[in-house]
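Asks:
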Amino acid sequence: MDTVHARFKDKIGEVLLPGDVFTFSVQGGGDCNIKTEKIICGPGLRRNGEEVHVCKSGILRHKQANLYWIDSQQRRYIPTKGECVIGIVTAKSGDIYKVDVGGSEQASLSYLAFEGATKRNRPNVQVGDLVYGQFTIANKDMEPELVCIDSCGRANGMGVFGADGLLFKVSVGLVRRLLSPQSEIVKDLEKIFPFETVVGLNGRVWVKAKTVQQTLIVANLLETCENMTSQQRQTLFKKVAEGSF
1 MDTVHARFKD KIGEVLLPGD VFTFSVQGGG DCNIKTEKII CGPGLRRNGE
51 EVHVCKSGIL RHKQANLYWI DSQQRRYIPT KGECVIGIVT AKSGDIYKVD
101 VGGSEQASLS YLAFEGATKR NRPNVQVGDL VYGQFTIANK DMEPELVCID
151 SCGRANGMGV FGADGLLFKV SVGLVRRLLS PQSEIVKDLE KIFPFETVVG
201 LNGRVWVKAK TVQQTLIVAN LLETCENMTS QQRQTLFKKV AEGSF
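By the UniProt record's numbering, the letter at position 79 of the sequence shown is numbered 79, and the numbering carries on one by one without gaps.
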């Protein structure tokens, strides 16, 4: 079974391109366990029988529980089931809200997909509102569907938000760095200004600081540091903290 993972692990940290294929079949071998080993394919990878196809260019990453994905700097978002995103309500059609999530088509959001919502107690959602939700359906053959509750029916941080603040767009690669539990970018930035932030895996970031000026500075720093090294970023943040920038 280690042989299967070795084929992936040898490539972790390397750049892969669309069309690259990993084959798990064993030539002349009788070990059936190798064929049935569980591999979880994240964004950028697609499993087809005993093969895994690379769908987009980027760096191969690995996480415990046999999860592999492609870390890329793409700007166009492709909806993926289970991912949390920031959407903009664009229209209401009957009992369904249409939400712009930055993909090729809009997602649908039921009025019942909010904590405590019933037929009599409808959520107060208006066109133009920002919503933080999670995809329950996201594939190439069906319209994406969002919900603002978890499996227990709780909001758990999802729903309508952002009465104030600033919404802007960054690359999907930067978003994944910001969502990392040990994100150095967020830690360094919090030393300059206290601020609130909501980060969606569709490349949208919402920030709100104490003043409008600080909010704009935080947004500009996040956009600027995307292609900087750690040392360059810390030098820039230090100048801002000292007021010399």
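From the three backbone atoms N, C-alpha and C, an ideal C-beta is built for every residue, glycine too.
Model, not experiment: these values are computed from the prediction.
Using the Cα positions of residue 222 and residue 120, report the straight-line distance between them to the nearest angstrom.
Replies: Each residue's alpha carbon lies about 42 Å from the other.
Asks: Is any beta-carbon of chain D found at less than 8 Å from that of residue 52?
Replies: Chain labels in this structure do not include chain D; a single protein chain is all it has.
Asks: Alpha carbon to alpha carbon, how far is residue 112 from residue 93?
Replies: Going from the Cα of residue 112 to the Cα of residue 93 covers about 14 Å.
Asks: Using the Cβ count rule (16 or more neighbours within 10 Å means buried), how would you classify residue 60?
Replies: Flag for residue 60 reads buried.
Asks: Between the Cα of residue 194 and those of 218, 203, 201, 180, spot the shortest distance and give me the residue it belongs to.
Replies: Looking at the Cα atoms, 218 is the closest of the given residues.
Asks: I want to know whether the region 84 to 104 touches the region 124 to 140 - three or more CB-CB distances under 8 Å.
Replies: With a cut-off of 8 Å, the region 124 to 140 and the region 84 to 104 count as touching, because enough Cβ pairs lie within range.
Asks: Which residue marks the beginning of the beta strand (DSSP E) containing residue 139, and which one marks its end?
Replies: Element bounds for residue 139: 130 to 139.
Asks: Could you give the distance in angstroms between the alpha-carbon of residue 14 and the alpha-carbon of residue 6?
Replies: Straight-line Cα distance between these residues: approximately 14 Å.
Asks: Label residue 48 either buried or exposed according to how many other C-beta atoms from any shown protein chain fall within 10 Å of its C-beta, with 16 as the threshold for buried.
Replies: Classification for residue 48: exposed.
Asks: Take the Cβ of residue 152 as the centre, count every other Cβ of all protein chains shown within 10 Å, and call the residue buried at 16 or more, exposed below.
Replies: So residue 152 counts as exposed.
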